[in-house]
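S.K.:
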Amino acid sequence: MKTSAATKFTAYVLLLVGAVFFVLPLLWMFSTALKPVEQTMSLPPQWLPRAYEIERDGRRVEVRRSDTQILTPSLLARAENGAAFAVPVCEVTMARASNASPRAERPGRLDSLSPPISSEPSEAAFGRWRPSGSSGPGTAVTVLQAIPAAADKPWVLVYEGKGGTAFAVPVSGIHARIAPRWENFGGAIRAMRYFPRYLANTLLLCILNVIGAVTSSALAAYGFSRIDWRWRDRVFLVAMATMMIPFPVVMVPLYSLFRALGWIGTLKPLWVGSFCAGAFNVFLLRQFFRTIPQDLSEAARIDGCSEFRILWQIILPLCRPALVVVGLFTFLGTWNDFLGPLLYLTDQKDFTLALGLQCYQSQSGGTEWHYLMAASTLVIMPVIVLFLLAQRSFIEGISMTGLKG
Amino acid sequence: MTSLERHNLRLGLLFVSPWILGFLVFTLYPVAASIFFSFCDYDVLSAPVWVGGMNYRDMLTDQVFWKSLYNTLFFSVLALPLGLILALLLAILLNQPVRCRGAFRAIFFLPSLVPMVAGAMVWLWILNGKLGLLNQFLATLGMQHPPQWLSDPIWTKPSLVLMGLWGVGNTVVIYLASLQDVPQSLYEAAEIDGASAWTRLRHVTLPMISPVIYFNLIMGIIGTLQTFASAYVMFNGGGPNRSALFYAVYLYQNAFEFRQMGYACAMAWLLFLLILGLTWLATRLTQKHVFYST
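For the record, the sequence lines run as chains A and B.
For reference, each letter of the first sequence is one residue, going 2 to 406 in the working numbering.
For reference, each letter of the second sequence is one residue, going 184 to 477 in the working numbering.
1) Going along chain B, which residues have a C-beta under 9 angstroms from Arg191(A)?
2) Comparing C-alpha positions only, which one of Trp130(A), Pro171(A), Ala192(A) and Val88(A) sits nearest to His371(A)?
3) Cβ closer than 8 angstroms: which chain A residues qualify as neighbours of Ser393(B)?
4) Return the bridge partner residues of Asp224(B) from the DSSP annotation.
5) For the alpha helix (DSSP H) containing Glu184(A), name the first residue and the last one.
6) I need the straight-line Cα distance from Glu369(A) to Val38(A), nearest angstrom please.
7) Residues in the same chain with beta-carbon distance under 6 angstroms from Leu333(B), minus the five sequence neighbours each way, listed in chain order, please.
8) Between which two residues does the alpha helix (DSSP H) harbouring Tyr475(B) extend?
9) Once you ignore the five residues that flank Val387(B) on each side, which residues in its own chain have a CB closer than 8 angstroms to its CB?
10) Residues of chain A with CB under 8 angstroms from Thr210(B), in chain order?
11) With a threshold of 7 angstroms between beta-carbons, can Ile375(B) be considered close to chain A, or not?
12) Between Gln40(A) and chain B, is any beta-carbon pair separated by less than 7 angstroms?
13) Run through the DSSP bridge pairs and tell me what Thr140(A) is partnered with.
14) So is Ala230(B) buried or exposed if we call it buried at 16+ other beta carbons inside 10 Å?
15) For Val318(A), does the count of other Cβ atoms within 10 angstroms reach 16, so buried, or fall short, so exposed?
16) Quick one: what's got a C-beta closer than 8 angstroms to Val239(A)'s C-beta in the same chain, skipping five residues either side?
17) Let me know if Cys320(A) comes out buried or exposed under the rule of 16 or more other beta-carbons within 10 Å of its beta-carbon.
18) Any contact of the region 336-347 of chain B with the region 411-428 of chain B, i.e. 3+ C-beta pairs under 8 angstroms?
19) Report the CB separation of Phe220(B) from Met444(B) in whole angstroms; it is logged as a contact under 8 angstroms.
20) Assuming Asn353(B) contacts Ser295(B) under a Cβ cut-off of 8 angstroms, what Cβ separation, rounded to an integer in Å, is found between them?
21) Relative to the alpha-carbon of Gly406(B), which residue among Phe418(B), Val351(B) and Ile218(B) has its alpha-carbon at the smallest distance?
22) Decide if Lys471(B) is buried, meaning its Cβ has at least 16 other Cβ atoms within 10 Å, or exposed.
23) Does any C-beta atom of chain A lie closer than 7 angstroms to the C-beta of Asn238(B)?
24) Counting only beta-carbon atoms, is Val384(A) nearer than 7 angstroms to chain B?
25) Assuming Val250(A) contacts Val214(B) under a Cβ cut-off of 8 angstroms, what Cβ separation, rounded to an integer in Å, is found between them?
26) If you scan the region 227-306 of chain A from start to end, which runs of the beta strand (DSSP E) of 3 or more residues do you find wholly inside it?
27) What residues of chain A sit near Gln319(B), judged by a beta carbon separation below 9 angstroms?
28) Within the 7 angstroms Cβ cut-off, does Phe220(B) reach chain E?
29) Between Pro330(B) and the rest of its own chain, which residues show a CB-CB distance below 7 angstroms, the 5 nearest in sequence each way excluded?
30) Distance, Cα to Cα, Arg479(B) vs Arg231(A)?
31) For a test of the three-state rule: what should DSSP assign to Pro264(B), helix, strand or coil?
32) Grab the span of the alpha helix (DSSP H) containing Arg57(A) for me, first residue to last.
33) Kindly list the residues whose CB is nearer than 7 angstroms to the CB of Val327(A), restricted to its own chain and excluding five residues on each side of it in sequence; keep chain order.
34) Strictly below 7 angstroms CB to CB, what residues from chain B border Tyr372(A)?
35) If the cut is a Cβ gap below 7 angstroms, which residues of chain B does Phe339(A) touch?
36) Does the distance from the C-beta atom of Cys207(A) to that of Thr335(A) stay below 7 angstroms?
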């Protein structure tokens, strides 16, 4: 088939646009997971997590946005109690320290200050701060620094520590560097409290379900394909028909059954069923088993081989790809399952990862986005790694479900 | 029955016994019990009390029930065709002789593997009204008042549709596999006859993959009508003005929050009938257009 250059170009453009839509959410999640919390709120959005530093006494000191304040033209002043703050120039009445009496009070203006206050901290000027609109003598303040901020050259007030010491630096004096905060993952794990238990529960369920699904559905698929017994195909039809039943139909009776058995609040309802050969897995394996020539089985039977040995030594080794698909899908289904754990697990300590993540989200109320995204990354990562390792099995498995269905 | 037949029957039943056990315990009993419970007042703590068709009659007058049904159908009508078309479009693009096909396929497929809860977290963050990436992007395009995806009742369902489209990769892979099975000779013959690209798509590709389109349609009907996790996680309790209260969510609430298990069972059976009915309807409507080559 010939493809013109224009068609090809359009195809690439559409594919790229599509790829951006599909990949961006994951990248954004990962980027947010590595940011300090205040950068998750930054407008416009910022893709790379950064650290901001200023030069102070020859050292580089990191400043966090929560410790800073963007300044308009103002004075950096210190009140009598020692706390530093910025005040608009027009609200300060200046007094000169040198000629304290009589105080020549006049409205302060930066350009009229004499001696001019340098941008270096100095305690040359005193004044009174009276917020506009209020009356009275105001607060006596020491002017530390005049900040000649303009719209195009803003200054930033940096609070150092909790003690209230502060100094102003021009924005150009702040250096940004890309600095992913890997410690967010540790923080998210601590914030979720029972994370290690969630992980252990989830892995345990995954292992049990994979073992259960692969063994039981291999046995059942063998019975439905390699042994010729009466009513076999009719029973198989029944098995296929059960796939039509939506889970909500059996949800309540299953719950009451597990409750009668005393299994609510334990992991049992989430794995015992997998040892009972799910119809979908049986169907998938049966399709594979059928393609193996019956002659192989006949020859083995004549040699006195039992059916179990035929399954174990002849059929299964030939059907490894299909078994991998069943195992992968089961693992993924268990890892991702939300409704099952939501129904049967009652104590927050016993949750699985998916349920624990949801619980953490509803408790934190959607404020700690960096931790929430870090936790989501931790839940998603194993799936991505698994996919990259077994991409072909995934694609083949999915394709199989469509073609044979 | 000869002795060999008896032997084979015993052997066959032995091998399928795990399935038989599962069928009896996890399917047959629950289905039967579910029918019974749907005619009972049942709260799981005490024994069910027979109330006849009351649960079904209650549904008729339950405004919230109708709202949840409406929400679910609205969502399905939006999500299903969009998903099928987007997936088909992407699959057709991937089926072109493009470079890095494997990489593109991986990118499209990966989100469909992402755990629903984690995916919902990511989308909650992207769709956030003020800080979300999507609204920031819309603002740079000059939109003054971008939609409040999560708090405006009009936009909650489209938000879920958007998130659903993100997970469409599964369907893309199914389509792609079937597209690659269409014999090249058909395209060559069509080209010799002077068929344009559109004609080839319309009269060769679509008929050849129509069984798979039908399969995806049926799976889509079954899946979207049962949408639970995404709606439950993103709009716990149904969202603003119950605009994201889906059928399965309301059913879950009835069973496990309001302890009206009988009512929940009745709702479940109605859902089953709805799925059966729509599947039958879809089959009837598409029957003439689905082409089986073998």
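Virtual Cβ for every residue (Gly too), placed ideally from N, Cα, C.
M.R.: Well, looking at it:
1) Near Arg191(A) there are no residues of chain B at all, since even the closest Cβ is about 18 angstroms away, more than 9 angstroms.
2) In terms of Cα proximity to His371(A), the closest of Trp130(A), Pro171(A), Ala192(A) and Val88(A) is Ala192(A).
3) Annotation: Ser393(B) has no Cβ neighbours in chain A at a cutoff of 8 angstroms; minimum Cβ distance is about 13 angstroms.
4) Partner(s): Val232(B).
5) Run containing Glu184(A): Glu184 to Ala192, per the alpha helix (DSSP H) assignment.
6) If you take the alpha carbons of Glu369(A) and Val38(A), they lie about 7 angstroms apart.
7) Leu310, listed in sequence order.
8) Boundaries for Tyr475(B): no alpha helix (DSSP H) harbours it, and the DSSP string shows neither H nor E there.
9) For Val387(B), where only same-chain residues beyond five positions count, the Cβ hits under 8 angstroms are Val365, Leu369, Tyr370, Ala373 and Ala378.
10) Residues of chain A whose Cβ lies closer than 8 angstroms to the Cβ of Thr210(B) are, in chain order, Thr243, Ile246 and Val251.
11) Ile375(B) has a beta carbon lying at 7 angstroms or more from every beta carbon in chain A.
12) Not one chain B Cβ lies under 7 angstroms of Gln40(A).
13) Looking at the DSSP output, Thr140(A) sits in a beta bridge with Trp130(A).
14) Counting the other CB atoms within 10 Å of its CB gives Ala230(B) a total below 16, which places it among the exposed residues.
15) A small fix is needed here, since residue 318(A) is Pro in this sequence, not Val. Answer is exposed; the Cβ neighbour count stays below 16.
16) There are no such residues.
17) With a 10 Å radius around the Cβ and a threshold of 16 neighbouring Cβ atoms, Cys320(A) comes out buried.
18) Taking 8 angstroms as the limit for Cβ pairs, the verdict is that the region 411-428 of chain B does touch the region 336-347 of chain B.
19) At roughly 6 angstroms, the Cβ-Cβ gap stays under 8 angstroms, so Phe220(B) and Met444(B) are in contact.
20) Going by Cβ atoms, the distance from Asn353(B) to Ser295(B) rounds to 4 angstroms, so yes, they are a contact pair.
21) Minimum Cα distance to Gly406(B) is reached at Val351(B).
22) Classification for Lys471(B): exposed.
23) Not one beta carbon of chain A lies nearer than 7 angstroms to the beta carbon of Asn238(B).
24) The Cβ of Val384(A) sits closer than 7 angstroms to at least one Cβ of chain B.
25) Sure, about 6 angstroms apart at Cβ, within 8 angstroms.
26) If one requires a minimum length of 3 residues, no beta strand (DSSP E) run lies completely within the region 227-306 of chain A.
27) Near Gln319(B) (Cβ distances below 9 angstroms), the residues of chain A are Leu44, Pro45 and Pro46.
28) No chain E is part of this structure, whose protein chains are labelled A and B.
29) Answer for Pro330(B): Trp338, listed in chain order.
30) Chain B is shown only over 184 to 477; residue 479(B) falls outside these bounds and no answer can be derived.
31) Helix, per DSSP.
32) Segment Arg51 to Arg57 is the beta strand (DSSP E) holding Arg57(A); no alpha helix (DSSP H) there.
33) Apart from the 5 residues on each side of it in sequence, Val327(A) sits with its Cβ closer than 7 angstroms to the Cβ of Ala214, Val215, Ser218, Asn282, Leu285 and Leu286 in its chain, given in chain order.
34) Going along chain B, no residue has its Cβ under 7 angstroms from Tyr372(A), so there is no contact; the nearest lies around 11 angstroms.
35) Those are Met299, Val300 and Ala412, listed as they occur along chain B.
36) In this structure, Cys207(A) places its C-beta atom within 7 angstroms of the C-beta atom of Thr335(A).
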